[in-house]
Every structure is written in C-alpha cells, then in structure tokens.
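Visitor: Before I ask anything, here is the structure I am working with.
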Amino acid sequence: MNWLNESTRTLAVIGLHFGDEGKGKFVDKLTTDWADIVARGTGGANAGHTICIGDEKHVFHLIPSGILHPGKLNVIGNGVAVDPRVVVEELDILKSKNLATDHLRIAYNAHLVLPSHLVIDRLRESGSGKVGSTLRGVGPTYVDHYRRIGLQVRDLRNKDALWKKLKLNLEEHACFMRSFDREVIRDIMEHEHLLEGAYFRPNDLNVVFDSDAIVEQYLAYGRLLAQHIEDTDALMYQAVKSGQRILLEGAQGTLLSERYGTYPYVTASDCTTTGLAQGVGLSVRDVDQTLGIAKAFYMSRVGGGPFPTEMGGEKSERWCAKEGVTRDVELREYPSVSISKTNPIDSTTTEDFFMGVAIRRHGNEYGATTGRPRRVGWFDLPLLRHAAHVVGRDIALTMLDVLDACPEIKICTGYIYAGPDQWVGNRQLTDGHVISCAVPMADILEHCEPLYKVFPGWMSDITGIRSRKDLPRELLNIVSFIESEARVTTRVLSVGPDREQTIFDE
Ligand code: GDP
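Heads up, this note's numbering is the position in the sequence shown plus 232, with the first residue counted as 1.
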C-alpha cells in the first residue's frame, strides 16, 4: 500500500459522493492489514455496511465495520446518534454466532435516539418538508442536541437523570405531536422500530408517549450496554498520543454533509473529515491522511435532491421514488435492459433513462436492505472538484468494472447555469454562466445543465487485472483526465467487489 504514508497514524476514509461509494472494502482491508482502532464519528443507523459471517450476510448500521477483528477496538464516537435498540440487536447477532463483542466501545456522551425522534422523523417525511430521510430518527436526534434537550448514552445508566431529561424532552415535543391526528401517530408507533406500540399511551388524549415504558426499556438497554459505555474521547486522545493506528470510518458522503453537501437534501451530520474527527473526540489536525472514495465513471444518489447528470433526469427520479419499486419490480418492468459483453449498451443510441437502468442493474445499485433503486448519473467533475477541495486530493475510484461494456463514457466537465439570477457570495449567477466547480446548494444545482466530454470505452473485462499498467489505455485516459481536471491523485482503483480486485499505487 504505497499510497499510505509510513508516518500516518490516523487515516480517514471518506465518501466523495452521496454515499454507497464502496468505502466498506477499504475499511475492511485497512482494518485487517493496518489499523489498531476503527472508529465511527457521524450519522447513526441511517448508514449501513454488510458484514459477512460465514455464509450469511448481515447489514449492520451502528457497529463499526471492524467488529469482526477482536484484537482491535471498535469505537462509536460522541458524534454518532445512538439508537440503543439497534446496538443491542447487532450485538445479539454477533453473540448468537459466538463472536467476540467486548472490543466495542460506545461514547458516554453520544446522543440517544429516542422513540420521539423516530416518530418525528416519520411525521416530517409524510409532509411537505420531506428530504428523503431513512426514518431512523437521526435528524431529530441532532436537532434536540442543538436545542439542548437531548439525552446522552450515559443517561441510560442514571435512572433519575433519564426521567428528568426525558420528561423535559417529551414536553418540548408535545405541542408538535398534538398537531397531528392521533390515529396517524398510533399507526407510526405500531412500527417494529418502536416496539410495536409499546411506547404508545392509548388512554390519554394529551399525552402520546408512555414515559414509564420508555424509561424502563431504556434502563434495560443501559444494563445490556453497560460494559461498552466509556469516555471514548479520552480513549481516542490517548490512542493518538501513544501512536496507535486509527482508522476513521466515514458514513454517507461529502455531498450529503449538512455543511458541504447539496443543502437541504443532506444528512444531519457533517460526514467530511472535519465532522468525523470531531465526532470521535479528535481535532481534524490529528488526521494525518484522508482517502476520498468516488465511484467511476458514474455516480448514484438515494432519495430526493439535485443530481445534474442523472441519466433520464426527472423520469429517473420519479421512477426511483415510486412507491413499491424494487430491484425485482424493475427487472419485471424492463426485462431486456442490461449491459454485457454480448449486449453492450451504447449511450448514443439508448435513451438516457434506460442507460441508467442498465448501469444500475450491472452495478447492483439497489438499497442493501430495501432493494430500492438508486438514481444513477454520469461522473460529475464540478461536484468532484468541490468534494476534493473539502476532503483532500488522494482518492480511490471504485466500480470501474461496471462500465466494462459501454462503448462510450460521458464525463461532465462543467455546467451551464440556466436559472434565475442569483447571488452566490459576491458573484452573480446569470443565465448562460459556465460553472466549473459546483456550488452545492439545491436551488442552484437544479438549474445546472451538464456539459459533457465523451470518451471511448474499453469494452473488455477488467475484473482480473491487478496492475495499473495492464488496464486498458482508454480507461487510463479517463483517469488521467479526471486527475488533471480535478487536481486529484488516484491512489487506488477498484475493479470488482472482492478485496483482491483492488489496484494500489505502484
Ligand atoms: P459504502 O456505503 O460506501 O460503504 O459502500 P459499500 O462498501 O457498502 O459498497 C457498496 C457495494 O459496492 C457493495 O456491495 C460492494 O461489494 C460493492 N463494490 C465495492 N467496490 C466495488 C467495485 O469496484 N466494483 C463492483 N462491481 N462493486 C463494488
């Protein structure tokens, strides 16, 4: 791994797009070969990674990806929104397979996802403020943190404090709850994530939540998690001081960061290096190196929000958002759309929407738990320029094999602005303005029309190639173009999902 500096002690793996870039493979490899500690610092159960235990695959949401390595501490940092139900469930899966769990540490000062957060998330997503939340209560948990009415993991161990803080929290939310039909709330509270109605108070018209039931359940979680709860800020500080190798595992991606992403279609935490370092109790100055992960030469996005290069534009967005559409439904609806060596797909003759369906199918771009289709678009340099500026210039390109049978590949090199006059800082965007580095706000991006440069594809199977010099010339041309245009260096190229299908800097 020549790209990894010998002096690096803290390394962050960060998504440069909208998540699902393939970070898991790098985290896994680095955990096995390099790290002493793996730490998460942002997001909550809205993230997901697949952990294979024997022949079985499990999608874990909160426990870090390094959990299968008993000798290495796995830390859920203070910046993570912790749903204790989910952690307990994930620990149970591991224990049922006789796997060690005592190397998991949970920050005592991380914020707790409460039943009220899960309900608020679902109520908000049912209205006009919909932003494509994963309904795990993460956004409302962060909101309560900033409103200074949040509860922390340590409260799971202190009955009186839990009571007092929960009462205040529920009082603050009572007014909002009362503005909804009680039957709507009852329906939501029947959800399995809310223990099928266990927290609902049926006989009191003014109060929705049964606080006794919540306290009892959360104290029970506290007992189950007690051995894992710790001052992880101190632990991380000591780890840095003693020169341990720390791997910071990013969740989601830069373009979903609440600070640097396509606001307001963003997640509720800062998933860049800054947020991640802070979320494990470190300073961004403690991070020696960052590896930004980007898909190539396409991108994907889940949920709403602007996506200038989306293949099939609004038609694709509508299709992917349509109730009930999953991988199987898509296959039934469009059975003949696919890419393969014998059936290459040509963007000059294929309608954009179908190009998107074909790439989605070939790249398996469907939600790991829901099977829902991800929106697919061409590689977007203006967005990469922005993300690399925020995160850093060492990158890995993944999914290169997905476009093996595309006769031509389009790279978005810039946008033409085609919207109302708008001020951005001290410059005014007017109709026809050319943009080379994305301004990642939704109400600007939605008026950006992509400019493309078209490259010939390589039309050969690259999944068995293990050396950069053996990659097709056409592919390397596109990589060089991206490197010089976005001023990035590709340290790693990924040519398949397997750990071995990875080409490191030579
Ligand atoms: P994350 O959300 O960024 O952690 O993404 P994951 O690590 O869950 O990766 C998403 C999917 O892409 C997983 O099923 C991976 O096995 C797969 N994957 C990763 N790298 C590659 C690659 O280079 N080619 C292909 N075809 N699949 C890949």
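Glycine residues also receive a C-beta, built at the ideal position from the N, C-alpha and C atoms.
Assuming Asp520 and Thr242 make a contact with CB atoms under 8 Å, what is their CB distance in whole Å?
Guide: The residue labelled residue 520 in the question sits at position 288 within the sequence shown. The residue labelled residue 242 in the question sits at position 10 within the sequence shown. Yes, Asp520 and Thr242 are in contact; Cβ-Cβ is about 5 Å, under 8 Å.
Visitor: Roughly how many whole angstroms lie between the Cα atoms of Met587 and Glu542?
Guide: Walking along the sequence shown from the start, residue 587 turns up at place 355. Walking along the sequence shown from the start, residue 542 turns up at place 310. In a straight line, the C-alpha of Met587 is about 10 Å away from that of Glu542.
Visitor: For Gly251, is the beta carbon positioned less than 6 Å from some heavy atom of the ligand GDP?
Guide: Here residue 251 corresponds to residue number 19 of the sequence shown, with the count starting at 1. Flag set: Cβ of Gly251 near the ligand GDP.
Visitor: By the three-class DSSP mapping on this structure, what secondary structure does Asp626 have?
Guide: By 1-based counting over the sequence shown, the position of residue 626 is 394. It is a strand residue.
Visitor: Taking Cβ positions, are Gly482 and Ile246 nearer each other than 7 Å?
Guide: On the sequence shown, position 250 is the one that residue 482 refers to. On the sequence shown, position 14 is the one that residue 246 refers to. Yes, these two residues count as a Cβ contact at 7 Å.
Visitor: For the putative contact between Arg606 and Arg533, defined by C-beta atoms under 8 Å, what is the C-beta separation to the nearest angstrom?
Guide: Along the sequence shown, one-based indexing puts residue 606 at 374. Along the sequence shown, one-based indexing puts residue 533 at 301. About 7 Å; that satisfies the 8 Å criterion.
Visitor: What would DSSP say about Ile285, mapped onto helix, strand or coil?
Guide: Numbered from 1 along the sequence shown, position 53 holds the residue referred to as residue 285. If DSSP states are grouped into helix, strand and coil, Ile285 belongs with the strands.
Visitor: So what does DSSP say about Ser358, is it helix, strand or coil?
Guide: For this step, residue 358 is matched to residue 126 along the sequence shown. Reduced to three states, the DSSP call for Ser358 is coil.
Visitor: So what does Ser474 bridge to, in DSSP terms?
Guide: As a working mapping, residue 474 is identified with position 242 in the sequence shown. Its beta-bridge partners do not exist; DSSP assigns none.
Visitor: Go ahead and label Ser358 buried or exposed: buried means 16 or more other beta carbons lie within 10 angstroms of its beta carbon, across all protein chains shown.
Guide: Sequence index remark: in the sequence shown, residue 358 carries index 126 (1-based). With fewer than 16 other Cβ atoms within 10 Å, it is exposed.
Visitor: Determine the closest residue to Ile352 out of Ala342, Pro729, Leu367, Val385, with distance taken between C-alpha atoms.
Guide: In the sequence shown, residue 352 corresponds to position 120, counting from 1. Looking at the Cα atoms, Leu367 is the closest of the given residues.
Visitor: Going by CA-CA distance only, name the one from Met631, Val512, Ile648 that's closest to Asn310.
Guide: Reading the sequence shown from its first residue, position 78 is the one you call residue 310. Considering only alpha carbons, the answer is Val512.
Visitor: Please classify Asn401: does DSSP put it in a helix, a strand, or coil?
Guide: For this step, residue 401 is matched to residue 169 along the sequence shown. Reduced to three states, the DSSP call for Asn401 is helix.
Visitor: Out of Pro434, Arg723, Asp653, Lys527, state which residue places its alpha-carbon closest to the alpha-carbon of Arg592.
Guide: Here the question's residue 592 lines up with position 360 in the sequence shown. Nearest of Pro434, Arg723, Asp653, Lys527 to Arg592, Cα basis: Lys527.
Visitor: Have a look at Gly537 and Ala279 and give me their C-alpha separation to the nearest angstrom.
Guide: Position 305 of the sequence shown, counted from the start, is the residue given in the question as residue 537. Position 47 of the sequence shown, counted from the start, is the residue given in the question as residue 279. Cα to Cα, Gly537 sits roughly 18 Å from Ala279.
Visitor: Please tell me whether, using a cut-off of 6 Å, the distance from the CB of Pro704 to the nearest non-hydrogen atom of the ligand GDP is below it.
Guide: Position 472 of the sequence shown, counted from the start, is the residue given in the question as residue 704. Every heavy atom of the ligand GDP is 6 Å or more from the Cβ of Pro704, so no.
Visitor: From the DSSP output, in three-state form, read off His814 for me.
Guide: Only positions 233 to 738 of the chain appear in the structure, and residue 814 is not among them; the question remains open.
Visitor: According to DSSP, is Asp612 helix, strand or coil?
Guide: What you label residue 612 is simply residue 380 of the sequence shown in a count that begins at 1. Strand, per DSSP.
Visitor: Measure from the alpha carbon of Leu745 to the alpha carbon of each residue in Leu467, Asp702, Tyr530, then state which is nearest.
Guide: What is shown of the chain runs 233 to 738, which leaves residue 745 out entirely.
Visitor: How big is the Cα-Cα spacing for Ala471 and Ser443?
Guide: Stepping through the sequence shown from its first residue, residue 471 is reached at position 239. Stepping through the sequence shown from its first residue, residue 443 is reached at position 211. Between Ala471 and Ser443, the C-alpha separation is close to 39 Å.
Visitor: I'd like to confirm the pairing. Which residues does DSSP put opposite Arg644 in its beta bridges?
Guide: The residue given as residue 644 occupies position 412 in the sequence shown. Reading off the sequence shown, one finds Cys at residue 644, where the question assumed Arg. In the DSSP output, where bridge partners are listed per residue, Cys644 has Asp612, Tyr684.
Visitor: Helix, strand or coil, according to DSSP, for Ser605 in the structure here?
Guide: Against the sequence shown, residue 605 aligns to sequence position 373. According to the sequence displayed, residue 605 carries Pro and not Ser. It is a strand residue.
Visitor: Can you list, in chain order, the residues of its chain with a C-beta nearer than 7 Å to that of Thr522? Leave out the 5 residues immediately preceding and following it.
Guide: Residue 522 sits at position 290 when you count from the first residue of the sequence shown. Same-chain partners within the cutoff: Ala244, Ile246, Thr505, Val623, Gly624, Asp626.
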